[in-house]
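In the working numbering, the protein residues as written are 9 to 741.
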Amino acid sequence: MNFDQALDTFVAEAGELLRDMEEALLRLEGAPTNEALIHAMFRAAHTIKGSAGLFGLEPIVAFTHVLEHVLDKLRTREIAVCGELIAVLLPCGDHIGKLVAHVPAMALDEETRACGERLMASLRGFLGKPAIAAAAVSREGLKPGVGSAPEHGHGEAVTTDNWHISLRFDRDVLRNGMDPLSFIRYLATVGEVVSITTLSDAMPEGAAMDPESCYLGFEIELRSGASKETIEDVFEFVREDSEIHVLPPHSKVSEYVELIRRGPEDDLRLGEILVASGALTRRELEAGLDWQNALAAGPVTGPLGELLVEQKVVAPQVVQSALDKQLRSRTNKVAEHKLVRVPADKLDSLINLVGELVIAGAGANLLAQQRRDGAMLEATTRISSLVEEIRDGALRLRMVQIGETFNRFQRVVRDVGKELGKDIELVIGGAETELDKSVVEGITDPLTHLVRNAIDHGIESAEIRTGRGKRARGTLRLNACHDSGCIVIEVSDDGSGLNKERIVAKAVGRGLVQAGQSLAEHEIHDLIFEPGFSTAEQLSNLSGRGVGMDVVRQNIEALRGTVELESTEGQGTTVRIRLPLTLAIIDGFLVGVGDAAYVVPLDMVLECVELSDADRRAATGRAYINLRGEVLPFLRLRDRFGLSGYGGHRESIVVVRYGVHKAGLVVDELMGEFQTVIKPLGKVFSRVRGIGGSTILGSGQVALILDVPSLLQEAAARDAGGGAAGRLLTTTA
């Protein structure tokens with residue numbers, strides 16, 4: 009991994025850690041005694057600080073250092089969780105996000121600098137002192153010495169109060185974009201570096217030396233109250249490839265001797281360095297080496313742990329603890345190796361290639377059918393099956409749970425509720441529901457508008473709610489589920505609902521409807537999606553400008569989705585969004601009308617029935633038939649798209665369903681199931697209703713993908729004035 013890749017990884021991981029920290033902080037507000045949440049926030053801040061220190065990102069290190077100190081005080085219960093503290097910590101996370109956005113240049117503008125200084129001043133107010141020393145460290149309870157005090161000299165603890173750190177960086181550390189000195193500089197932020205001895209024993213002669221290789225080793229004495237885990241985390245990015253040994257204060261002579269034995273340098277050479285640094289006395293060094301030599305010469309019949317216990321070097325519980333830690337470390341490494349971070353653009357490229365493979369496979373299959381070659385047809389059928397599996401696997405790579413997106417609105421609900429003086433609870437359902445990453449990214453802005461509108465317009469103040477016999481605390485719900493091959497997202501509240509009279513009055517005032525015009529309930533609800541429409545009495549930071557709901561509809565339709573609204577005055581409002589699971593590849597049902605081919609999303613197809621002569625005669629002058637005792641409205645694709653010619657004596661109806669709407673599409677030919685690679689239409693055709701995209705058939709012919717929800721809604725709107733089909737399309741379930 010080069011330096012740029014390492015920086016990209018830092019930015020990505022910092023974003024994830026900040027989201028985790030914010031989520032823990034919001035949960036902590038409702039559970040102030042939850043220590044796990046406090047520890048999670050501390051670990052997130054500590055990790056960001058440590059990683060930033062490795063890259064020399066001083067503004068991030070300086071700010072998170074103060075934040076980390078406050079969180080440490082919170083861990084030790086020196087300060088308590090309160091609303092004032094939460095109000096300071098939340099913008100601290102936002103500020104770190106702004107700092108990370110400036111990586112690597114870290115060229116901060118004056119506003120960002122001033123914001124950081126204000127936040128640090130607020131944080132220091134919780135520490136009870138004006139400032140924090142640059143080398144201050146978190147205290148996790150230092151435990152000097154381990155095990156029981158042994159009787160033999162080689163097991164006695166040495167008297168030094170310093171940590172001893174032995175570093176042997178990997179030969180390729182410079183090629184990997186890492187600067188060894190940056191780790192040592194960051195080490196100074198967790199304590200005082202007492203001494204550093206640089207070893208160059210591995211340095212070859214000048215002619216053989218590679219200027220891009222690292223030949224240096226370091227023996228460091230550090231005075232610090234930090235834990236061993238904190239010190240080891242300093243070297244997290246080079247831990248796997250380098251030799252790093254950390255000995256705590258008052259370690260045993262045998263541990264120093266073992267360190268000497270592991271080192272690549274001569275034993276006496278390294279021993280003299282330890283004596284010179286004060287880590288060992290000469291007597292301790294000589295006694296330890298003598299004991300180690302004797303032990304090496306004697307028979308060793310049992311495991312090392314048993315031998316150490318027998319020699320009274322360590323206590324039995326220490327050996328067991330070390331074995332447990334080693335097992336946990338191996339388990340964690342195995343778990344880490346199960347996850348691979350892949351850039352989104354690489355997944356997009358894979359999906360595009362799979363799409364082209366689907367088209368090529370369809371062409372080969374069509375050629376086999378035309379030649380009537382049985383062996384070739386069998387081979388292409390097998391290939392098509394494998395391509396389908398590859399397609400499904402590739403699409404699953406881009407599927408993410410929507411719960412992470414929902415959880416981000418915890419902050420929105422809290423901040424907007426506080427601003428408006430409303431107490432609101434966010435309830436999340438269906439967080440495990442999965443959909444395409446591109447759909448998740450596209451739905452975030454519409455959801456933000458809907459959530460803010462529900463808080464501002466929908467949910468009443470506590471006084472009004474109490475007067476209406478409701479619970480003082482309002483409830484906002486975000487829910488997701490799968491339905492008929494789509495994902496349904498609901499944003500609902502238990503507020504006042506929509507005031508139909510006010511909506512109609514505003515619409516009349518703006519000339520959208522005529523005074524006295526009779527409107528159905530869904531038509532009144534649709535008025536709020538008109539551009540510039542608002543029922544707010546006065547302007548605010550949240551509403552009143554008529555910008556929001558029209559953008560919601562536009563963004564959702566751009567994702568080939570639809571939005572519906574239900575409201576009961578005095579009880580609440582529900583906005584229901586229907587979206588496709590993916591925007592890349594779908595299973596389709598291919599139909600023909602004249603010389604044109606169309607694709608209907610297979611998940612929406614219920615059945616196909618023949619339009620008999622009797623049905624055709626009965627449907628003269630109307631747009632619905634009797635389907636097994638059920639009234640089924642239908643739409644002729646030939647008429648809808650203005651195709652010339654005559655459909656022939658045999659026509660079929662493809663019965664489709666979308667949500668609660670059910671209707672039929674009259675076509676000339678049923679051509680069977682078809683894997684469809686969705687190709688977006690150009691800007692010229694972006695506003696064409698009823699078409700959701702295009703695809704290429706195996707023959708090279710272009711087929712249009714039908715936007716079934718749009719077709720049904722358009723037909724309903726066209727005939728709603730008096731047409732029976734329109735009324736049926738809007739009411740049939």
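For every residue, glycine included, the Cβ atom is placed at its ideal position computed from N, Cα and C.
Nothing here was measured: the structure is a model prediction, and the numbers come from that model.
Query                                                                                                                 : Result
Pairwise C-alpha distance: R83 and D501                                                                               : 36 Å
Distance, C123 Cα to L25 Cα                                                                                           : 21 Å
Sequence-distant residues of its chain with Cβ nearer than 6 Å to V617 (five each side left out)                      : I661
Pairwise C-alpha distance: Q683 and S357                                                                              : 19 Å
D464, buried or exposed, once every other Cβ within 10 Å from all chains shown has been counted against 16            : buried
Option nearest R485 by Cα separation, candidates I436, L455 and A515                                                  : I436
Among L75, V675, F642 and A196, nearest to L651 - alpha-carbon criterion                                              : V675
Boundaries of the beta strand (DSSP E) in which K3 is found, first to last residue                                    : Since the first and last residues shown for the chain are 9 and 741, residue 3 lies out of range.
Whole-angstrom C-beta distance between N487 and G438, which should lie under 8 Å                                      : 5 Å
M557 burial status per 10 Å Cβ neighbour count (16 or more: buried)                                                   : buried
I745 vs I713 beta-carbon contact at 8 Å                                                                               : Missing from the structure shown is residue 745; the chain here goes from 9 to 741 and no further.
Separation of G133 from V342, as counted between CA atoms                                                             : Residue confidence is low: V342 scores 43 on pLDDT, short of 50, so the model does not pin down where it sits. Its coordinate-derived value is still stated next. Each residue's alpha carbon lies about 43 Å from the other.
Cβ distance (whole Å) where G503 is taken to contact G477 below 8 Å                                                   : Contact flag wrong, Cβ pair sits at about 14 Å.
The segment 597-609 in contact with the segment 520-531 per 3-pair CB rule at 8 Å                                     : no
Beta carbon of V254 nearer than 8 Å to that of F177                                                                   : no
Proximity to E396 [Cα-Cα], best of A70, G363, A22 and L719                                                            : G363
M407, DSSP secondary structure in three states                                                                        : strand
Neighbourhood of R644 by C-beta distance below 6 Å, restricted to the same chain and skipping five residues each side : V674
Meets three-Cβ-pair contact criterion under 8 Å: the segment 68-81 and the segment 203-216                            : no
Beta strand (DSSP E) runs wholly inside the segment 490-524, at least 3 long, in chain order                          : 494-501
CB of V420 within 8 Å of CB of V448, strictly                                                                         : no
Whether L175 touches S250 by CB criterion (8 Å)                                                                       : yes
Within 8 Å, strictly: CB atoms of A711 and S702                                                                       : yes
Proximity winner among D28, I686, D715 and A14, relative to I359 (alpha-carbon distances)                             : I686
Identified DSSP bridge partners for G225                                                                              : R176 and L207
For D431, the three-state DSSP class (helix, strand or coil)                                                          : coil
Within 8 Å, strictly: CB atoms of L65 and V19                                                                         : no
Status (buried if at least 16 other CB within 10 Å, exposed otherwise) for A732                                       : Confidence at A732 is low in this model, with a pLDDT of 42, below 50, so the placement of that residue should be treated as unreliable; the coordinate-derived value is given next. Counting Cβ neighbours within 10 Å, A732 comes out exposed, since fewer than 16 surround it.
Inter-residue spacing [alpha-carbon to alpha-carbon] between L610 and Q378                                            : 25 Å
Buried/exposed call for T389, threshold 16 Cβ in 10 Å                                                                 : exposed
Where the beta strand (DSSP E) through L573 begins and ends                                                           : T570 to T576
Exposure of K514, with buried meaning 16 or more beta-carbon neighbours within 10 Å                                   : buried
Buried versus exposed, by CB contacts within 10 Å (16 or more), M100                                                  : The sequence given here has Cys at residue 100, not Met. Per the 10 Å Cβ criterion, buried.
Any 3 or more C-beta pairs closer than 8 Å across the segment 568-588 and the segment 612-628                         : no
Residue environment, E229, which counts as buried when at least 16 other CB atoms sit within 10 Å                     : buried
Which residues DSSP lists as bridging Q683, in chain order                                                            : D595
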